[in-house]
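In my numbering, the protein residues as written are 1 to 273.
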Amino acid sequence: MKIAIVGVGLIGGSIGLAIKSKRLASKVIGIGRRPESLKKALELGCIDEAFDDLKRAEDADFIFLATPPLAIIEIGKKLSEFAKDSIVTDAGSTKEEIVRELTPIFPYFVGAHPMAGSHKTGPEFASSSLFLGSQVVITPINETDRWAKEAVANLWRKMGARIIEMPPSEHDRLVALSSHIPHILSFILVNLIKKEGAESLISTGFNDMARLSLSNPVLWNEIGMTNKSNILAGLSELRCLIEEWQDAFKDEGKFLEKLQQTQSYAKDLIIPK
């Protein structure tokens, strides 16, 4: 089986390493626009061959699109001219727009989102174990080919992931709350510290919360633009919660109650390291 990965950064590189470590393909090729990333991915064993021409994916059994969301759509449209027989899937952080654009032009397109990663970018941070035990969301719609969906799900399972299925719209609503808004808040927090001149007293707590602001701005701009309505709705809800907490400061007992209640929720929510 031949697998093509378009975009060999952290996620694409990790997909390649996971596939190769478990011998799930006879050949893994990487396709990208940055020669330095392709060279590094080759050196690290993420891929067997590197190309800058999308047509090299023409005879691949599986094609993974592991780029930012808008690039996934752009690349997918180019691929559709010659990769009609391949199973095509993606690793984008938003799903509704990608699935809407690519499902009609590929007989075997399956939207997917591996819920694993890092603020770090590049194949040098890739790991064959990145997806072990992690969730991968598959987002089929009525037009999604059932055989292709099962093939994509089974390949992810062989890489060690757990599969969840949900509609693209529900995925985007939930991930706006669990991932996209936390990232945006991290950027906002750094701006607050800068604006108020509090850099001299930065704590480990700040570092924990601000780490996400080191993420790729181009990627997060595209995530924001392709999930705008859900993010804005979530930020509106957050604004209401901030007002509730501001009111709680007026009553010591009420504030303590909110802290204790939230700590109880957090114990069930936070993923252990």
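Glycine included, every Cβ here is placed at the ideal spot set by N, Cα and C.
Just mark residue i as buried or exposed, buried being the case when its beta carbon has 16 or more other beta carbons within 10 Å.
i: Cys46; result: buried
i: Ala198; result: exposed
i: Leu192; result: exposed
i: Asp208; result: exposed
i: Asn230; result: buried
i: Asp172; result: buried
i: Glu96; result: buried
i: Leu130; result: buried
i: Lys55; result: exposed
i: Glu243; result: exposed
i: Leu132; result: exposed
i: Glu222; result: buried
i: Ser236; result: exposed
How about residue i and residue j: do their beta carbons lie closer than 8 Å?
i: Lys258; j: Trp245; result: yes
i: Val110; j: Ala148; result: yes
i: Ala57; j: Leu79; result: yes
i: Pro107; j: Lys77; result: no
i: Ser128; j: Ser21; result: yes
i: Thr67; j: Val152; result: no
i: Ile105; j: Ala60; result: no
i: Pro140; j: Glu165; result: yes
i: Ser86; j: Phe62; result: yes
i: Gly32; j: Gly16; result: no
i: Ala91; j: Pro114; result: yes
Please report the distance separating the alpha-carbon of residue i from that of residue j.
i: Ser119; j: Arg211; result: First, the amino acid is wrong: residue 119 is His here, not Ser. Whole-angstrom Cα-Cα distance: 7 Å.
i: Glu267; j: Ser178; result: As written in the sequence, residue 267 is Lys, which differs from the Glu given in the question. Taking the straight line joining both Cα atoms gives about 15 Å.
i: Glu143; j: Phe82; result: 20 Å
i: Lys250; j: Ser203; result: 27 Å
i: Arg23; j: Lys158; result: 10 Å
i: Glu150; j: Ile11; result: 21 Å
i: Ile282; j: Lys194; result: With the chain represented from 1 up to 273, any question about residue 282 goes unanswered, as that position is not in the structure.
i: Gly234; j: Pro35; result: 39 Å
i: Gly9; j: Lys254; result: 47 Å
i: Ala176; j: Gly205; result: 23 Å
i: Leu65; j: Gly7; result: 7 Å
i: Leu185; j: Leu219; result: 16 Å
i: Thr121; j: Pro217; result: 11 Å
i: Ile5; j: Arg239; result: 40 Å
i: Leu44; j: Trp156; result: 21 Å
i: Leu241; j: Lys40; result: 45 Å
i: Phe187; j: Ser14; result: 26 Å
i: Gly117; j: Lys27; result: 24 Å
i: Ser213; j: Ala248; result: 29 Å
i: Gln260; j: Pro167; result: 34 Å
i: Ser264; j: Leu174; result: 21 Å
i: Thr262; j: Leu42; result: 46 Å
i: Thr294; j: Ala126; result: As shown, the chain starts at 1 and ends at 273. That puts residue 294 outside it, with no answer to give.
i: Glu252; j: Arg146; result: 56 Å
i: Leu256; j: Ser169; result: 36 Å
i: Ser200; j: Gly224; result: 31 Å
The ligand PLP and residue i: does the residue's C-beta get closer than 7 Å to at least one heavy atom of that ligand?
i: Thr144; result: Among the components of this structure there are no ligands whatsoever, and the ligand PLP is therefore not found.
>> For the structure I just gave you, are there three or more beta carbon pairs, one from the segment 69 to 83 and one from the segment 95 to 103, closer than 8 Å?
In response: Short answer: they touch.
> Where are the alpha helix (DSSP H) runs, 4 residues long or more, that stay fully inside the segment 17 to 44, in chain order?
Replying inline: The segment 17 to 44 contains these whole alpha helix (DSSP H) runs: 35 to 43.
> Quick check: the segment 35 to 54 against the segment 130 to 149, are there 3 or more CB pairs under 8 Å?
Replying inline: Judged by Cβ distances under 8 Å, the segment 35 to 54 makes no contact with the segment 130 to 149, as fewer than three pairs qualify.
> Can you list the beta strand (DSSP E) stretches of 3 or more residues lying completely in the segment 143 to 200, in chain order?
Replying inline: Counting whole runs of 3 or more residues, the segment 143 to 200 contains the beta strand (DSSP E) stretches 162 to 165.
> What runs of the beta strand (DSSP E), each 3 residues or longer, lie entirely inside the segment 91 to 151?
Replying inline: If we require 3 residues or more, the beta strand (DSSP E) runs fully inside the segment 91 to 151 come out as 112 to 114, 135 to 138.
>> Going residue by residue through the segment 53 to 87, where are the continuous beta strand (DSSP E) segments of at least 3 residues, counting only ones entirely within it?
In response: DSSP runs (the beta strand (DSSP E)) wholly in the segment 53 to 87: 62 to 65.
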